[in-house]
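First to last, the sequence lines map onto chains A and B. In terms of my numbering, the first sequence opens at residue 1 and continues consecutively. In terms of my numbering, the second sequence opens at residue 572 and continues consecutively. Cβ coordinates follow ideal geometry from the N, Cα and C atoms, glycine included. Note that the structure is predicted; figures quoted are calculated from it, not measured. Okay, structure first, notes after.
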Amino acid sequence: MKTLLRYLKPFRKRMGFGFLVKLTATLLELMLPYILSHILKNVVSSQNVSKILLWGGLMVVCAGCACLFNIIANRMAARVSRNFTEQIRKDLFRHTLSLSEAQTDKFSIPSLESRITTDTYHVHNFVSMMQRMGVRAPILLMGGIMITLIMDSFLALVMIAILPFIFVTVYFLSKNGRALYTKVQQSVDGMVRVVREDAQGIRVIKALSKNDYENRRYDKVNKQLSRDERKAGTIMGIINPVMTLLMNFGITAVVAMSASRVSNGTSDPETVIAFMQYFTLISMAMMSVSRIFVMYTKCAASANRIAEVLNTPSEIEVTEGETIPTDKHIEFKNVRFSYLGKKNQLNDLSFALNKGDSLGIIGATGSGKTTVIKLLLRFYDIKQGEILINGRNIKTIPKKELTDMFGIVLQNDFLYADTIEENIDFGRGLSIEQITEAAKIAQANDFIVSFPDGYGHRLSSKATNVSGGQKQRILLSRAVATRPEILILDDSSSALDYKTDANLRQALKDNLTDSTVITIAQRVSSIKHCDLIIVLDHGNVIGMGTHDELLDSCAEYKEISDSQMGGDFVD
Amino acid sequence: MTDKKPSQKNNKDKKSQTSILLRLGKYVFKYWPLFLAAIIFTLVSNHLALLGPSYSGDAIDAVAHPDGVQFDAVWSNVCKMLACYVISAILSYGLAVIMIHLSQKIVYTMRKQLFEKLNTLPVTYFDTNAAGDIVSRISYDIDTINSTLSHDMVQVMASIYTVVGSLIFMWNISKPMILVFVITVPASILFTRYRSKKVRPLFQARSRKLGELNGYAEEMLSGTRTIRAYGKEEVICERFNKKNTDTMDAYYEADYHGAALGPAVNFINNLSISLVTILGGILYMYSQSGAVAATSMFFITLGSVAKFVQYSRKFAGPINEFANILHEFQSAFSAAERVFKVLDEPSEPSDSEDAIELKNVKGRVDFEKVCFGYTENKQILHNVSVKAEEGKTIAIVGPTGAGKTTIINLLMRFYDINSGSIKLDGVDITGIKRYDLRKAYTMVLQDTWLFNGTIFDNIVYGKENATQDEVEAAAKAARIDKYIESLPDGYMTRLSDDGVNISKGQKQLITIARAILSDAPMLILDEATSNVDSRTEIKIQEALSELMKGRTCFIIAHRLSTIQNADTILVLQNGRVTEQGTHDELIEQRGFYSTLYNSQFS
C-alpha cells in the first residue's frame, strides 16, 4: 500500500480539488430531503404558491448542481486513475524485464504476468472507486447522520442503531463469499480440466471405447460444480433481502417512534418523511462503505504483489576488472553452478575456443546443456569458476556490450504477432538488405518470398501460422542478422530436414567465418562437424573431443549416434 | 440491393432468436413447478414490497391527523408494514434459492448434454476446433446463460411488476401528480439511449484494448529470455508503453463519458422527488386550506405525499436498469446459440444395421488401394496398399505430412476412406461395429496422455475391472513398478499438473503399462524421438518390446532399431507408398530409404 501512495502523491493536488468538488456535490444532495420537509412543514402553511415554487426550484437547482459537480469530480478522478495506472503499469513492466533470470524464476512468468495484468487492474479499479464512492459514501453517511441528529436526535439514534447490522451483514457475507467463490472457481477449473483432457485424448478414449467412463468422470466434477455454485448462491443470496429488510426496519421504527414524539410535540410528521429519505441514503452509503472495506483487502493484496516486483533490486552488476591477454575467444574455467544452491547443474566445466571455432554440446534433457549458454549470456552469475570472453571476465563487461556480441536462438524461442521483417529485426533497426541477407543464410528467404506479402507477412502470436521448421529458420535469421561475434544455437535446427540443416551449416561456414558458433542439439548430425563436442550427463562432462574421437572414447556418444534415424526427417 | 440485406438479416436473426428462446424455454419448463413457484414468489414479494410504503403513508396520516395522533391506527399500520417487509424479505430470499436450484438444474443438464455430445462427435471435430474453444463453450457460455436464467429473468419479472404496480399505486394516490413523470420518464429514456449508444461501445473498446494489452504483455513475458539476451528491453518497453497509453486513453474515454451515468441516475431520482415535492406541496397546501374538497382528485394528505415520494423512487429504479438487462439477454442468446450449435453437430454415424460383432480378433490387416482426403479437394493418401500379417510389425517411415498419422486414423476408423478397402481378418471394417473395431487396438502416442487421477486409475484405464495384481503386473512389464512403489502413495499417487514431479519418460512408461494391460491384439505406436536420459531410454525400449509381443503392430518409427527389426518397412512420401519391404530389401533397392539410412553415417 505504501508504494501505491507513493504513486498517488503527484496527484494529490488534483485529488484534493476533486475531493472538494465531490464534497460540495454530496452536501447539495443531502440538502434535498431537508428542503422537502421544510416545504411540507413551514412553506405550505404560509399558503404561498410562489414560495413553494421557489423552494422547489431550489431543490431542482441543488439536484442539478449535485449532478454536475459529481460528473466533474468523476471525470477528474478518471483522469487521475488513468495517469496513475499508466505510470504504475509502465514502471512495473520495465522493472519486470530488468529482473535477472534467477529473480524471474523465483517469481515465475505466470505470476509476473498476472501482476502486470490482473493486479494492476484491481489497483486501478480500487483507485478510481475510492475517488468516487470512497468520498461520496462516507460523506453521505456522516452528513446524513449529522443532519438527522440535528433534526431529531432521538429518531436519528433509532436509525443509527440499525447501521452496525448492515455493516456486519455486508462485510462478513462478502468476505465469506470470496472463499465460496474461490471454491466455485476451483470446481470450474476441475470441470474444465476434464473437458480439456478429453479434447486432447479423444483418440485414446475412442480407441479404448471409454465414453461411458468419461461421462461418469465428467458427471462427478459437473455435480461438484453445481453443488458449490448452489452453496455460494444460497449464502450470497442472503445479502439483498436482509439489507432491504434492515432498511425497512429502520423506516418502520422511525414511524413507530415518531407517534409518541409528535403527540407530545417533540417532533412532527414532516420530519418523518425526510427521515425516510435520509435513511435510504444512509443505508445505501453504509452498504458502499462495507463493500469498500472488502475491496480494500483485495486491492492491498494486489498492491503488495506489485510492490514486491517494484522493490526487487537489480541483481546483475558490472564490476571492475582487468583484461588478461589471451588468444582464446571464449573460455570456461572450472565452472560450477546450481540454480537453487542444491544439486549442481554443472560440475567443473572447462573448455576454450578460438575465434571462429565451433562447439557442439549434446546430452539428454536435463543434462545441463542449456545451462552452459545461460551462464555465458550471464543470465545467472556463477559462484565458482570463471567465464572469459577475449580474456575479460564477463562480470566486467557492460550489459549492452555483452548482449551486442551475441546472436542467439534459444530452445522454444519466441516469435510474436508482427511481420516477419520485424521479427527478424527485433527492434534493432536493421536495413532490409541486412534482413534478406540474414534470411538467405538461414535458408529462410525462399519460403518467405513465397508468401504473397513476403517479408511483410504477419505472424500470429507464437507464430502458429508457420511450420516448426519455418519458425526455426526465422529465428536463425534473427540470430545471424548482425553477423555476431558469437552465435548460439540451442536446439535450433531440430525441425529442419537433413538437407536444409546441411545447407544451413554450409551457409554459416561461408558467411560467418569470424563468428564462434556454439550449437546445442539432440541430433548427432547437427554437431558432428564441430571443432569441439562436449557430451553432458547430469551436469558432468562425460566426453569431450571431435566426432571421431568421441566415437572411440565415449560409449554414450556412440550409443546416441547409433540409435538415431529420424522419422521427422523432412520439414 | 444493399438496402434489403440488413432487413433480411434482421428477419433471420429474429427467427433464430425465437427458436433459441423456445429451446431455452424447454429447459426451463422441464422444471415448471419450480418455475411456477418462482413466478408466484416474485409477484407476491414485490406486491408486499409495494404495500409497505402505502402503510407507512397511512401511518404518517394517522400521526399527522388534525385531531392529534391516532395511536391505534399508527400501531396497526406499523404492524402491517413490518409484516409486509418481513414476509417480502423471506419470499425474496426463497425466490433466490429457488432460482439457484432451478438454474443449476438446467445448467447441470446442459453441461452434461454438451459433454456427452462431445464424446459422440467424430475425431474431425477435435481436429478442427481448438480445445480452448470447446472449453469456453462449456464454461463461459453456459455461465452466461446461467446468470441470465438465475438473475436477469427474475429481475425482469420483478421490474415489470414494480413499474406497473407503483404506477397503479401512484395513480390511486393522486392522478395529477403522475404528471411528474411526463418529465422524468423521457429523461430516463434519453439517458438510456445515451448509455447504450455512446457509453457502451466505449466500454467495449476499453475491454478490447485491455485484452490486447494483456495479450501483448503475456506474449512479451514469454520471451523475456530472448529480449534480455538481445538486450532489447528498452525497445519492447517503448512498444508496451504505447499500447499502455492507448489502453489508458480508452479507459479514460470510457470513464469520461461513463462518469455521467451514476450522477445522472441520481439526478433523475432527485428531480422526480423535487417535482413531487413541488406539486405535492401545492396540492397539499390547497387540500389543507380547504380550497380543494376531500373528494376531489386534487386532494392529497401528507401521508400520500410521503407514499408518492417512495413509489416514485421504486418506479425509477427498474427503468434505469432496463437497457442493461436487455443487453444481458442478448449476450445470453448468443451464448445459447453457440452451445446449441455443438449439440446440433452431427455425431459419428451409427454402425450399419448388419454390422457384425468381432470375436477372437487375429489381427490381419489389409489395405487395398486406399484413397483418402480430409477435405474433398485435397487427397492425402493415394492408392495405398499394405498387408499386415497377424503378429507382425509394420514400421511406417516418412517425412512429416506424408500421411503417417492418417493411416492410423483410418485403421481405427476415425475417418472413412474415399475409395478402396480396409479389411480386418478379411472383413471390411465398415461392416464391423466401431466399438469392437476400436477395442481391438491399443495405443501409445507421442503426446503421452494421462489424466488427472491416480496412477492406478491411469493404468487401469486400459481394462476396466482389472485387479490390483493385473495392474501391478502391467507396471512391472512396463518397467515402471519400482518407480511407482518408491512414491509415498504408490499406485494411489495423484497425477496432477502441480503434483508429483514425474518425468516425461516415466509418463511414457505409464502409458505403456496401460497399453500392456489391455488385451487388444493390435497395437498402434507413435514413437517419440528420444529426449530422455539413456537409462530411461533403455527401459522404454524394453517395455515396448514387451508390449509388442504377440500383437500386430503399426509403428510410426523413429528409432533405428525399431525400423531395422520391423517385418515390413513402409516408406510413405506425399501420400504414396514408395518403398515397402524389409530393411535388407530396401537397402538393396538403393532408393529413398537407403539414402536416408546412409545419410546417418556419412
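Taking the Cβ atoms as the reference, Ala633 (chain B) lies roughly 21 Å from Ala620 (chain B), outside the contact range of under 8 Å. Nearest in C-alpha terms to Ser314 (chain A), of all of A:Val49, A:His95 and A:Asn42, is A:His95.
Between the stretch 790–798 of chain B and the stretch 102–111 of chain A, the count of C-beta pairs closer than 8 Å reaches three or more; the two stretches touch.
With a threshold of 16 other beta carbon atoms within 10 Å, Ala207 (chain A) meets it and is buried. Secondary structure of Glu214 (chain A) (DSSP, three-state): helix. Neighbourhood of Ile1111 (chain B) in chain A, by CB distance below 7 Å: empty, with the nearest CB roughly 11 Å away. Apart from sequence neighbours up to five positions away, the residues of its chain that approach Pro747 (chain B) with a beta-carbon distance below 8 Å are Leu850, Leu854, Met868 and Phe869, ordered along the chain.
By the criterion of at least three beta-carbon pairs nearer than 8 Å, the stretch 934–941 of chain B is not in contact with the stretch 724–739 of chain B. Bridge partners of Arg336 (chain A) according to DSSP: A:Gln384. Taking all protein chains shown into account, Gly1121 (chain B) has fewer than 16 neighbouring C-beta atoms within 10 Å of its C-beta and is therefore exposed. Setting aside the 5 residues that flank it on each side, Ile896 (chain B) is surrounded in the same chain by Asp723, Gln726, Val727 and Ser730, each with a C-beta closer than 8 Å to its C-beta; the list follows chain order. For Ile373 (chain A) against Asp490 (chain A), the beta-carbon gap comes to about 6 Å, under 8 Å, which counts as contact. In summary, Trp603 (chain B) is exposed, with fewer than 16 beta-carbon neighbours lying within 10 Å of its beta-carbon over all protein chains present. Per DSSP, Glu1150 (chain B) is one residue of the beta strand (DSSP E) stretching across Arg1147 to Gly1152. In this structure, Gln131 (chain A) keeps its C-beta atom at 8 Å or more from the C-beta atom of Gly16 (chain A). Interface annotation, Cys67 (chain A): in contact with chain B, CB-CB separation under 8 Å. Taking the C-beta atoms as reference points, Gly539 (chain A) is found no nearer than 8 Å to Glu556 (chain A). Between Val192 (chain A) and Val221 (chain A), the alpha-carbon positions lie close to 9 Å from each other. Within the stretch 725–797 of chain B, the complete alpha helix (DSSP H) segments of 4 residues or longer fall at 751–764 and 771–792, listed in chain order. The beta-carbon of Val255 (chain A) is placed less than 8 Å from the nearest beta-carbon of chain B. Within the stretch 103–126 of chain A, the residues whose Cβ lies closer than 7 Å to some Cβ of chain B are Thr104, Ile109, Leu112, Glu113, Ile116 and Thr117, listed in chain order.
It is roughly 26 Å from the alpha-carbon of Val1042 (chain B) to the alpha-carbon of Leu929 (chain B). In terms of Cβ geometry, Leu1080 (chain B) and Ile1051 (chain B) form a close pair [threshold 8 Å].
Per DSSP, the beta-bridge partners of Asp937 (chain B) are B:Lys958 and B:Lys994.
When rounded, the separation of the alpha-carbon atoms in Ile518 (chain A) and Gly366 (chain A) is 18 Å. For Val158 (chain A), the enclosing alpha helix (DSSP H) starts and ends at Ser153 to Ile160. The C-beta of Tyr679 (chain B) comes closer than 8 Å to at least one C-beta of chain A. Sequence-distant partners of Lys471 (chain A) (beyond 5 residues in either direction) whose C-beta falls short of 7 Å from its own C-beta, in its chain, are Leu415 and Ala463. A distance below 6 Å between beta-carbons, with the five flanking residues on each side excluded, links Asp357 (chain A) to the following residues of its chain, in chain order: Thr516 and Asp531. Here the alpha carbon of Glu386 (chain A) sits roughly 17 Å from the alpha carbon of Gly368 (chain A). Setting aside the 5 residues that flank it on each side, Leu550 (chain A) is surrounded in the same chain by Ile533, Val535, Gly543 and Tyr557, each with a C-beta closer than 7 Å to its C-beta; the list follows chain order.
Pro33 (chain A) is classed as buried because its beta carbon has at least 16 other beta carbons within 10 Å across all chains shown. Pairing Val44 (chain A) with Ser263 (chain A), the inter-Cα distance amounts to about 21 Å.
Closer than 7 Å at the C-beta level to chain A, one finds these residues of the stretch 683–702 of chain B: Lys683, Phe686, Glu687, Leu689, Asn690, Val694, Phe697 and Ala702. Between Asn743 (chain B) and Thr848 (chain B), the alpha-carbon positions lie close to 18 Å from each other. Put simply, the backbone Cα of Gly144 (chain A) is about 9 Å away from that of Leu27 (chain A).
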